[in-house]
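J.: Everything in the sequence shown is counted per my numbering, starting at -11 for the first residue and increasing by one.
For every residue, glycine included, the Cβ atom is placed at its ideal position computed from N, Cα and C.
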Amino acid sequence: MDQTIDLPKVEWSPGEADQLLNWFGIYKRDLPWRRLQGDPYAVWISEIMLQQTQVATVIAYFNRWMERFPTVDVLASSPIEDVLRQWEGLGYYARARNIHRAANEIVEGFGGKVPSNADDLGSLPGIGPYTQGAILSIAFNQRVPIVDTNVERVLSRRFCIDGDPKSPSVKASIWRFAEAILPDHSAREFNSALMELGALVCRPVDPSCAVCPMMANCCAAKTGNPSAWPMLAPSKRTVRVQQACVAIQDNGKWLMTRRPLNGLWGGLWEFPRTEVLSGETPESAAIRAAHEITEVSVELIDEPFVVKHAVMHYGIELSGWIGHLSGGNKSINANIEHRWVSFQEMQELPLTSPQRKLSDKIYKRIKSS
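#1: Less than 7 Å between the C-beta atoms of residue 338 and residue 256, yes or no?
#2: State buried or exposed for residue 228, treating a residue as buried only when at least 16 other CB atoms are found within 10 Å of its CB.
#3: What runs of the beta strand (DSSP E), each 3 residues or longer, lie entirely inside the region 176 to 252?
#4: Does the ligand ATP have even one heavy atom less than 6 Å from the beta-carbon of residue 301?
#5: If you draw a straight line from the C-alpha of residue 21 to the C-alpha of residue 120, how long is it?
#6: My guess is that residue 240 and residue 357 are in contact by the Cβ rule of under 8 Å, so how many angstroms apart are they, rounded?
#7: Determine, using beta carbons only, whether residue 233 and residue 308 come nearer to each other than 7 Å.
#8: Cα separation between residue 145 and residue 64?
#9: Out of 103, 68 and 341, state which residue places its alpha-carbon closest to the alpha-carbon of residue 87.
#10: Suppose the cutoff is 6 Å on Cβ atoms and the five residues either side in sequence are ignored; what does the same chain contact list for residue 295 look like?
#11: Is the CB of residue 122 under 7 Å away from at least one CB in chain C?
#12: So for residue 351, helix, strand or coil by DSSP?
#13: Measuring CB to CB, does residue 129 end up less than 7 Å from residue 175?
#14: Evaluate the contact criterion for the region 131 to 150 versus the region 217 to 226: three or more CB pairs, one atom per stretch, below 8 Å.
#15: Would you check if there are 3 or more beta carbon pairs closer than 8 Å linking the region 170 to 185 to the region 9 to 20?
#16: In whole angstroms, what is the alpha-carbon distance linking residue 27 and residue 324?
#17: I'd like the list of long-range same chain contacts for residue 79, defined as Cβ closer than 6 Å, with 5 residues on each side in sequence excluded.
#18: In angstroms, rounded to a whole number, what distance separates the CA positions of residue 212 and residue 197?
#19: When the Cα atoms are used, what is the spatial distance from residue 151 to residue 273?
#20: Taking C-alpha atoms, which residue in 76, 40 and 95 lies nearest to residue 62?
#21: Could you pull the start and end residues of the beta strand (DSSP E) that residue 28 belongs to?
#22: Are residue 89 and residue 113 closer than 7 Å when you measure CB to CB?
#23: Tell me the rounded alpha-carbon separation between residue 173 and residue 57.
#24: Would DSSP call residue 81 helix, strand or coil?
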């Protein structure tokens, strides 16, 4: 069983907290969700978007989201397809599906108001300890710690916390440190300052220790090798995946199929697609995909389009062809959710990232021919 590690002594003073807060007041970034930090809904959406995603990417998505879904009620009443379309490109689509489910539960169970206590928040889909802490401290200014990747790194270095922070024991220890140093007041600003310090100064590689407000007391800085913390396990090796698909055209319409709601890219639309089997060519796999998924036969035309995409530890190479129905058979497998759409209609559908890239390539070729 994974046991809790022995903790270094928590040597921390109110003066150090004041230094951090002063630094934050001067150097914090002007981010759109910070202008709305008293709005629990805005805090919730921004924190979910920021999971696994860079701030620079999230800004545009957050602004578009808040314009399209300005309140929990509007979000809950919107079709999941609209939600996924707004999320398209952010990845980890379970986040968007959970947001939509949680919005409906907030409307039904909490009168459309994001709850202000941990138990109620924790009952909602997709809201774990980190998001609970973020909403309670940033939106409601409650004395609750937050530990994201940035805080994890800052505290690992400040106190020389050994061990992989992804392990349950070390993770629990870091959370205890985060709670121990949290001041009685200013939880919102303090937690935001810790995250900002990790993003701007205490970076994963080449941290700017000389300008850090915590340097004088930082255990890792004193060793001369601060990047030795946190002690992360080696990352997974990239797995290469080869896929093939066919964009089937008939009278100006294109056949799209919908992925199951669960799993990778759940609920998104794509051209009929499959993984290329060992010993199989991408071209034969594309023909097989059309027949197995939709029960139609196709003839492939022109050279394939090739799209490369990375998701998690997978490197995907997608080869796609334009195809025409062979023999005029347009009968589609009744168990497959599908639509025949124009390119204009396709823009309104939420597509997987590789498929969006592929559809753009196909559109450009069609327009230039």
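T.: According to the structure data:
#1: yes
#2: Classification of residue 228: exposed, given that the 10 Å Cβ count is below 16.
#3: 227 to 238 and 241 to 246
#4: The ligand ATP is absent from the structure shown, which contains no ligand whatsoever.
#5: Pairing residue 21 with residue 120, the inter-Cα distance amounts to about 16 Å.
#6: Between residue 357 and residue 240 the Cβ distance is about 14 Å, and since that is not below 8 Å, they are no contact.
#7: yes
#8: 41 Å
#9: The closest CA to that of residue 87, considering only 103, 68 and 341, is found on 68.
#10: Closer than 6 Å at the Cβ level, and outside the excluded window around residue 295, lie 306, 342, 345 and 346.
#11: No chain C is part of this structure, which consists of one protein chain only.
#12: helix
#13: yes
#14: Using a Cβ-Cβ distance cut-off of 8 Å, the region 131 to 150 and the region 217 to 226 are in contact, since at least three pairs of beta carbons, one from each stretch, lie closer than that value.
#15: Contact holds between the region 170 to 185 and the region 9 to 20, because three or more Cβ pairs, one in each stretch, are under 8 Å apart.
#16: 41 Å
#17: none
#18: 10 Å
#19: Rounded to whole angstroms, residue 151 to residue 273 spans 45 Å at the Cα level.
#20: 95
#21: Taken as a continuous stretch (DSSP letters only), residue 28 belongs to no beta strand (DSSP E), being part of the alpha helix (DSSP H) at 28 to 38.
#22: yes
#23: 32 Å
#24: coil
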